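Asks: Take a look at this one; I'll ask things after.
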Amino acid sequence: MLVRGSRALYRPKREGRTLGYLVAIDAEGGYAIVDTAVQMSLFAGALEKGAFRWLEGFKMEKRNVCFASSRFDYLLKKQALELLLELKSATHIEGLLALYPRRPH
């Protein structure tokens with residue numbers, strides 16, 4: 022995906038070790054978000070607006086949650102029900118499916 026000549030979305034910054042942030046890379050006509058801060062912010066906004074029917078009624082309780090020696094992106098809560106959630110960026114799209122491409126051997 023990230024090869025010379027690839028189209029990308031870039032956000033400059035005023036100071037620091039680098040000149041800016043790589044936000045997303047053109048992936049088969051859409052963009053794959055590679056900046057996890059942007060990904061998490063978009064998810065939080067979408068959850069708050071009720072964009073995910075399967076998460077209806079859940080509210081964000083906590084971010085970056087430790088559980089059984091693992092770390093999860095979110096702890097969501099709906100009444101007494103708790104849900105640990107990990108976000109992933111899929112970079113391969115087929116129709117309405119977001120997939121991970123097969124890794125070359």
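Counting with the numbering used here, you get residues 22 to 126 for the letters of the sequence shown. Note that CB positions come from ideal geometry on N, CA and C, so glycine has one too. These figures come from a predicted structure and were not determined experimentally.
So within the segment 64-97, which uninterrupted beta strand (DSSP E) runs reach at least 3 residues, ignoring any that extend past its ends?
Replies: Listed in chain order, they are 80-88.
Asks: Closest by CA to Ala28, which one among Ala45, Glu82 and Met81?
Replies: A quick correction: the sequence has Arg, not Ala, at residue 28. When only C-alpha atoms are compared, the closest one is Ala45.
Asks: Is the CB-CB distance between Lys99 and Lys80 below 9 Å?
Replies: In contact: Lys99 and Lys80 (Cβ atoms closer than 9 Å).
Asks: Below 8 Å on the Cβ atoms is my guess for Leu117 versus Ala111; work out the distance and round it to an integer in Å.
Replies: The Cβ separation is near 12 Å, so there is no contact.
Asks: So which of Ala48, Phe93 and Leu43 has the shortest CA-CA distance to Val55?
Replies: Per the Cα distances, Leu43.
Asks: Along the chain, where does the beta strand (DSSP E) containing Asp56 start, and where does it finish?
Replies: Looking at the DSSP string, Asp56 is not in any beta strand (DSSP E), and its letter there is neither H nor E.
Asks: Quick check: what's the CA-CA separation for Leu106 versus Thr39?
Replies: Their backbone Cα atoms lie some 31 Å apart in a straight line.
Asks: Quick one, which of Arg92, Ala48 and Leu97 has its alpha-carbon nearest Glu69's?
Replies: Closest option to Glu69, Cα to Cα, is Leu97.
Asks: In this structure, does DSSP put Ala111 in helix, strand or coil?
Replies: Three-state DSSP puts Ala111 in coil, outside helix and strand.
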